[in-house]
Amino acid sequence: MKLIISYILIGCLLCTSCTTENTTYPVGEGFIDHDISIKIIDTLSINSSTFLLDSLVTSSTNRILIGHIKDNNLGDMTSKSFLSLMSNSYSLQSNAIFDSVALVLYNDHYYDGDTTKIQTYSVHKVSKLITPEEGSYLYNNSNFPYDENALGTLTFTPNPTKNDSLYIPLNQYFGQFLFDKIQDNDIKNSNDMEDYLKGLVVIPSTAQNSQILGFTTNSQSGMRIYYTIKDDDSEDNNYQIDFSIGVSNQQFNQVLSDRSNTNFNVLKDNETNIPSSETANFIAIQGGTGLSGRLEIPYLKNLLKLSENGISLNGVIKMQPVKGSFTKQNPLPDSLSVYIVDHKNRVLDNLRDQGGNAIYATLNQNENEFNDATYYKVDISAFIETIINSPITLKYALMFQLHDYQKNTSKVLIENDPESVSKIKIQVQYLNY
174 MKLIISYILI GCLLCTSCTT ENTTYPVGEG FIDHDISIKI IDTLSINSST
224 FLLDSLVTSS TNRILIGHIK DNNLGDMTSK SFLSLMSNSY SLQSNAIFDS
274 VALVLYNDHY YDGDTTKIQT YSVHKVSKLI TPEEGSYLYN NSNFPYDENA
324 LGTLTFTPNP TKNDSLYIPL NQYFGQFLFD KIQDNDIKNS NDMEDYLKGL
374 VVIPSTAQNS QILGFTTNSQ SGMRIYYTIK DDDSEDNNYQ IDFSIGVSNQ
424 QFNQVLSDRS NTNFNVLKDN ETNIPSSETA NFIAIQGGTG LSGRLEIPYL
474 KNLLKLSENG ISLNGVIKMQ PVKGSFTKQN PLPDSLSVYI VDHKNRVLDN
524 LRDQGGNAIY ATLNQNENEF NDATYYKVDI SAFIETIINS PITLKYALMF
574 QLHDYQKNTS KVLIENDPES VSKIKIQVQY LNY
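So the sequence shown is numbered by my numbering: it starts at 174 and just counts up by one.
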């Protein structure tokens, strides 16, 4: 039978046309003595919805995310970054003189939103050690108390594509206090440091729609205490103590979204699906907050009714982004991660091909006069075979999300108006033999 199917597959190369209706391509009697045909099916139902992946791990991502975006479709999103600080040296000469203290954040070139808008950051002292209460991770909804009085603020216009940094001056009394503790040997190591500074949190202004920016967590970013040496007349009489970002799981981004005035306000946990018919005919994918696209194909097993003997040769899904939801400044990602989830939206595995390799939804983007040549395409052939060949009914669906969704806040909106040519499409080639 494998040999027969191999012959047929060669013949299939001649049958590459596609129609908008279920179509049958017979294989002639002169080719092989079997009642064999290939059907192209593009009328399978797709249930599209959005659900919420709650409690995303946002520690140990090597990125500081700070900012605020107002989105009429998805809600107001705010990202604060909590960070602990440590130094390799807690030593000062007796004749060292304190000068100033600042928090320095280096761009890592990630941004989301309108970078032409002015933004204001404020820095606050955290009043509890930034450590996980359970396990090893901190999440987008984790929280720690902090002093409402800011240690320092900075208003600026972003330049995220440049190799640049933000310099946020901090309170002089705060800096002098830490300086004196180090000079008096009250702070000799990181454990001592935690007695006087549990950590910092950087908070964006929420007064206007602006942007969310990414900064590095490497040694370039951190707090710096600047000082001089008394009676040192050299030109290089400028010194500093560097406090870098501490242990990776003691830095995390709190990314919260207020969806109360949107169609997605019912999403509270990961078991709730809201159909695209209730969200202006689109599904939403957003990093940081956990909004995830979900596609369920409930009648795949009906393919078995086409023939007593059959096999799925190929299956693809095409999805078009909502027009106007992306720009040159905020472009679409080149691909989307695809996962298999169960009926409770628990992630089971990546979508994979027959060889076990992870498959992604890849972007095809070509400009034309109708602006309809931009779409994501994903091969679901192996997924179809898994569903139809299972002895039990598998209530599986496909989840779509951004790569590295724990460390970015970008979005993709997928159109699925059933009356539109831009609706989500599925096409399956099925061999009857």
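By construction, the Cβ of each residue, glycine as well, lies at the ideal position given by its N, Cα and C atoms.
For this session: Output the distance between the C-alpha atoms of leucine 265 and phenylalanine 352, rounded to the nearest integer angstrom.
Result: 8 Å
For this session: Could you pull out every residue in the same chain whose Cβ sits closer than 8 Å to the Cβ of phenylalanine 350, ignoring the five residues on either side in sequence?
Result: Tyr369
Exercise. Is tyrosine 606 helix, strand or coil by DSSP?
Worked result: coil
For this session: Leaving out five residues on either side along the sequence, give the residues of the same chain with a beta carbon under 7 Å from the beta carbon of lysine 301.
Result: Phe317, Pro318, Lys371
For this session: For proline 305, collect the residues of the same chain with a Cβ closer than 7 Å to its Cβ; drop the 5 residues on either side in sequence, then sort them by chain order.
Result: Leu311, Asn422
For this session: For the stretch 442–495, list the beta strand (DSSP E) runs that are entirely contained and at least 3 residues long, ordered along the chain.
Result: 455–459, 464–469, 483–492
Exercise. What is the DSSP secondary structure of alanine 323, counted as helix, strand or coil?
Worked result: coil
For this session: With a 10 Å radius around its C-beta and 16 neighbouring C-beta atoms as the bar for buried, classify glutamate 451 as buried or exposed.
Result: exposed
Problem set entry | glycine 203 (DSSP reduced to helix, strand or coil) | In this predicted model, glycine 203 has a pLDDT of only 45, less than 50, meaning its place in the structure is not dependable; the value taken from the coordinates is given anyway. In this structure, glycine 203 counts as coil in the three-state DSSP scheme.
Exercise. How long is the line joining the alpha carbons of glutamate 202 and leucine 217, rounded to whole angstroms?
Worked result: Here glutamate 202 scores only 46 on pLDDT, less than 50, and its place in the model should not be relied on; the value that follows carries that caveat. Going by the C-alpha atoms only, they are around 30 Å apart.
For this session: Have a look at glutamine 527 and threonine 559 and give me their C-alpha separation to the nearest angstrom.
Result: 10 Å
Exercise. Leaving out five residues before and five after glutamate 194 in sequence, what residues of the same chain have Cβ atoms less than 8 Å from its Cβ?
Worked result: Residue placement at glutamate 194 cannot be trusted, given a pLDDT of 49 that sits under 50; the coordinates are not used to answer.
Exercise. Are the beta-carbon atoms belonging to glutamine 427 and serine 583 less than 8 Å from one another?
Worked result: no
Exercise. Among the residues of its own chain, which have a CB less than 6 Å from the CB of glutamate 567, if the five just before and after it don't count?
Worked result: A quick correction: the sequence has leucine, not glutamate, at residue 567. Closer than 6 Å at the Cβ level, and outside the excluded window around leucine 567, lie Ile560.
Exercise. Going along the chain, which unbroken runs of the beta strand (DSSP E) with 3 or more residues stay wholly within the stretch 542–574?
Worked result: 547–552, 570–574
Exercise. Taking asparagine 605 as the reference, which of Ile532, Pro377, Thr231, Leu476 has the closest Cα?
Worked result: Leu476
For this session: Could you tell me whether the stretch 483–492 touches the stretch 230–246, where touching means 3 or more Cβ pairs closer than 8 Å?
Result: no
Exercise. Just how far apart, CA to CA, sit aspartate 522 and asparagine 530?
Worked result: 11 Å
For this session: Classify glutamate 329 as buried or exposed, calling it buried when 16 or more other Cβ atoms lie within 10 Å of its own Cβ.
Result: Note on residue identity: the sequence assigns phenylalanine, not glutamate, to residue 329. Its Cβ having fewer than 16 others within 10 Å, phenylalanine 329 is exposed.
For this session: Kindly indicate which residue of Gly325, Phe347, Tyr346 has the alpha-carbon position closest to the one of tyrosine 340.
Result: Gly325
For this session: For phenylalanine 204, count neighbouring Cβ atoms within 10 angstroms of its own Cβ and tell me buried if that reaches 16, exposed if not.
Result: At phenylalanine 204, the pLDDT of 44 sits below 50, so the modelled position is not reliable; the number obtained from the coordinates is stated separately. With fewer than 16 Cβ atoms within 10 Å of its Cβ, phenylalanine 204 is classed as exposed.
Exercise. Closest to glutamine 459 by CA distance: which of Lys580, Val601, Lys403 is it?
Worked result: Lys580
For this session: Starting from serine 363, follow the beta strand (DSSP E) in both directions and report where the run begins and ends.
Result: Element bounds for serine 363: not the beta strand (DSSP E) but the alpha helix (DSSP H), 363–369.
For this session: Can you grab the Cα-Cα spacing for the pair proline 494 / isoleucine 587, in whole Å?
Result: 4 Å
Problem set entry | Beta-carbon spacing of asparagine 436, phenylalanine 224 below 8 Å | no
Exercise. On the premise that isoleucine 597 lies in contact with leucine 473, defined as a C-beta separation below 8 Å, what is that separation, rounded to the nearest angstrom?
Worked result: Actually they do not touch by this definition, with Cβ atoms about 15 Å apart.
Problem set entry | Rounded C-alpha distance that separates asparagine 322 from lysine 501 | 39 Å
For this session: Could you tell me if glycine 461 is buried or exposed, where buried requires 16 or more neighbouring beta carbons within 10 angstroms of its beta carbon?
Result: buried
Exercise. In chain order, which continuous runs of the alpha helix (DSSP H) of length 4 or greater are located wholly inside the stretch 300–361?
Worked result: 345–356
Problem set entry | C-beta contact flag for alanine 453 and glycine 466 at 8 Å | no
Exercise. Hey, does isoleucine 414 have any beta-carbon neighbour from chain C nearer than 8 Å?
Worked result: Here chain C cannot be found, since the structure has a single protein chain.
For this session: Tell me, please, whether the stretch 372–391 touches the stretch 287–303 by the rule of three or more beta-carbon pairs shorter than 8 Å.
Result: yes
Problem set entry | Candidates Asn313, Ile398, Tyr284: closest to serine 228 by CA position | Asn313
For this session: Ignore the nearest five residues each way along the sequence and tell me which others in proline 506's own chain have a CB closer than 8 Å to its CB.
Result: Leu536, Leu575, His576, Ser583, Val585
Exercise. Do serine 392 and serine 433 have their C-beta atoms within less than 8 Å of each other?
Worked result: no
For this session: Pick out whichever of Pro504, Thr401, Leu571 has its Cα sitting closest to the Cα of tyrosine 284.
Result: Pro504
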